[in-house]
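Residue numbers (my numbering), protein chains in the order written: chain A, 142 to 867; chain B, 1074 to 1129. Every residue gets a Cβ at the ideal spot worked out from N, C-alpha and C, and that includes glycine. All values reported here derive from a predicted model rather than from experimental measurement. All remarks here apply to the structure that follows.
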């Protein structure tokens, strides 16, 4: 893959040059959406074809070069009601490219394993003697014919990884796997030449098949999660509307913004770069940066950060930085640094391999030397040594961890928890402290109407109808509250949004207003409500809105505490709001008003004290902390950058996935250890026998498959068994 | 034993045919969008009728 955003080709349409562009489509959920997307794009003159891709939430459009700009494609989709963005070369990866390769190898290994098994079963089952040696030899050679190319092709991922590890003078699990498979194959060829019965092509290829299967499932999960994250990044990769010197508005990519440019940001849009507000007054949602959920009122002269959302009318901002100089970009850099530090984690299977591989190789050598000294001749000695290596060929050991991991990840996936990092489960299992962000993590991160039941349904319905067209979080909260109570929301026309104050409508009976209490006519001192509605007849109704805790937050934190985990809240929000949540959840260690760097400092302090910290956070300000912590979790409502930084993302409004993740991770860890025990026990039993030269091929084959089956069966228990956090 | 002479090639050829079919389907992108493929079956309009426009 060349990483190019647009592929050109001279083919098709009478030699006209065609180009293909891939767009991420955020809200494409079903077959109907898929067709709407395709029809919307195909309707554009110049577009030759459009193919939507539902699992990747992307669409590829092929068009005649030079006739259709990408922005036109995006606009067409927006008119059809979709959120779309062109994917930049950095985050455009063919959604299935990495696992296509594995799938192809898996197919070849599967074909070979099935056919070789067919031949092997007939050889094994006729061991009574009703198969002539020549037929047996023919079957062995047929097996070799299938196995050799298949192993050479299907084993490449393992051989490559083993070679890379050895080049760095390290050992990973792929080293014994590669050695075992190679030796089993070579010895089988040798024994086929000699015409004996110790031919193990079936074992070698079946092992590869199972390992590839595990690796494929493991990778598919992560590719899916990573693709979703890339789409999110693409969808928010901002463009900016710039006011040129000649007074014309022009839409350019955010990376082309230079300091001094005047940028128009419409209501509901994110600011593309940091800058000073020139014109416009209103509310700005800064929760992404500060974690503070109450919108901030801004007036001309105020400094605004990239990534925050304009909630009111259009605002003109003078860019103070380029796209790279923003606080957002700074946070991304902090995150990258923190992630590098974590890259040194050594996975459980590799730690086992570091112990196991030298031991196995030493035993093989010992056997060889022993038999040589005992006078068995080099051929007999080598056969015994290879038998040891094949017996220890880490079938079960290599399956021990991947099988558990696949079972655990798919269990979590079914419950809406996407595990993205390959080694995340192992790190989750080691956690002994949990650090929470407040806004958006312990709370829902959006205001909800608290006094909905004390308000007349008709009043609420009228207010919600007025609010229906606004993007302000308070307006949306009213609409949600009305919907929850099944109140009818009628579309109203003539609503004016007065930036910084609220919504207003002229009716035949008088003026209707929804907005700031003092603007609606509630005098100071009485303004305990967040929002006020003044009906046309002058009746006033107050609404209390606040960021509500996730419904099961108390239950979840109690479960975590009961399991002996130390809890802590680190928030960028104000002290009183944090203390309130801390008290409600009975978490004593609370810190408020922290900057991203302070959060990192606290996490480093904890890890310096030997704690393994799980960071659960959602805001942009949490992203570096998420990357610093030993392991991290993020809700799916989180900022894109946080989702990228987190090891796993959980969906839904509940906090219990945090408990579930830790519980499953710990169970998976226990199970991986059990599997190691099974595999090692089997080796302890058979290696001495093999060293003494007493293992018959049939016994070895049966024992080998049994240990693999036992390990896999044990892992599969994890999909269904009840798991509690202890 | 002459049965083997044609049974074994048969088995191998069938297996190879299966493998070839799998590799072809993989290459032609049938595994690219497993979710979307399921939905596409349910779509009433096929390519031709879409070009001709809706017909009821």
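In this structure, DSSP gives residue 805(A) a helical state, which the three-state scheme calls helix. Beta-bridge pairing by DSSP links residue 588(A) to 688(A). DSSP links residue 404(A) through a beta bridge to 383(A) and 458(A). Taking 7 Å as the cut-off, the Cβ atoms of residue 1105(B) and residue 195(A) do not count as close. With the criterion set as a beta carbon lying under 8 Å from some beta carbon of chain A, the members of the stretch 1079-1093 of chain B are 1081, 1084, 1085, 1088, 1089, 1091 and 1092, in sequence order.
Proximity of chain B to residue 167(A) at the Cβ level (cut-off 9 Å) is not reached, the minimal Cβ distance being about 16 Å. Residue 215(A) sits in a helix when the DSSP states are folded into three classes. The straight-line gap separating the alpha-carbon atoms of residue 404(A) and residue 1091(B) is approximately 59 Å. In chain order, 240, 243, 244 and 247 place their CB closer than 8 Å to the CB of residue 357(A), counting only its own chain and leaving out the 5 sequence neighbours on each side.
Within 10 angstroms of the beta-carbon of residue 816(A) lie 16 or more other beta-carbons, which makes it buried. At a cut-off of 7 Å between beta-carbon atoms, residue 195(A) makes contact with chain B. When C-alpha distances from residue 406(A) are compared across 761(A), 381(A) and 605(A), the shortest belongs to 381(A). Taking a Cβ-Cβ threshold of 7 Å, the residues of chain A close to residue 1112(B) are 171, 172, 175 and 195, in chain order.
Contact between residue 490(A) and residue 399(A) does not hold, since the beta-carbon distance rounds to 50 Å and is not under 8 Å. Burial state of residue 284(A) is buried, judged by a 10 Å Cβ sphere holding 16 or more other Cβ atoms. The stretch 843-861 of chain A and the stretch 1079-1099 of chain B do not touch, with fewer than 3 CB-CB distances between them shorter than 8 Å. Leaving aside the five residues that flank residue 175(A) on each side, the residues in its chain whose CB is nearer than 7 Å to its CB run, in chain order, 169, 193 and 195. Taking a Cβ-Cβ threshold of 9 Å, none of the residues of chain B is close to residue 351(A); the smallest such distance is about 18 Å.
The beta-carbon distance between residue 189(A) and residue 212(A), rounded to whole angstroms, is 18 Å. This is too long to meet the 8 Å contact definition. Listed in chain order, the alpha helix (DSSP H) runs fully inside the stretch 161-230 of chain A are 172-183 and 211-220, counting runs of at least 4 residues. Sequence-distant Cβ neighbours of residue 733(A) in its own chain, meaning closer than 7 Å and more than five residues away, are 712, 714, 715, 716 and 719. If you look at residue 1083(B), you'll find it in the alpha helix (DSSP H) that goes 1075-1100.
The distance from the Cβ of residue 790(A) to that of residue 561(A) is about 7 Å, consistent with a contact at the 8 Å cut-off. Taking C-beta atoms under 8 Å as the contact rule, residue 322(A) and residue 292(A) qualify, at a distance of about 6 Å. Considering only 297(A), 442(A), 521(A) and 585(A), the residue with the shortest C-alpha distance to residue 835(A) is 521(A). Contact fails between the stretch 689-709 of chain A and the stretch 641-654 of chain A, because fewer than three Cβ pairs, one in each stretch, are under 8 Å apart.
Measuring C-alpha to C-alpha distances from residue 866(A) to each of 510(A), 209(A), 698(A) and 348(A) identifies 698(A) as the nearest. When the Cα atoms are used, residue 210(A) and residue 164(A) turn out to be separated by approximately 13 Å.
Counting along the chain, residue 674(A) sits inside no alpha helix (DSSP H); it lies in the beta strand (DSSP E) bounded by residues 672-675. Among the residues facing chain B, residue 248(A) is included, as its CB has a counterpart in that chain under 7 Å away. In terms of Cβ geometry, residue 346(A) and residue 494(A) do not form a close pair [threshold 7 Å]. By the neighbour-count criterion, in which 16 or more other beta carbons inside 10 Å mark a residue as buried, residue 593(A) falls on the buried side. Residue 314(A) carries a coil assignment under DSSP once its states are collapsed to helix, strand and coil. When the five nearest sequence neighbours on each side are left out, the beta carbons in the same chain lying within less than 8 Å of the beta carbon of residue 860(A) are those of 548, 551 and 552, in order along the chain. Excluding residues up to 5 positions away in sequence, 602 lie with their Cβ nearer than 7 Å to the Cβ of residue 629(A) in the same chain. If one requires a minimum length of 4 residues, the alpha helix (DSSP H) runs lying completely within the stretch 687-718 of chain A are 694-703, in chain order.
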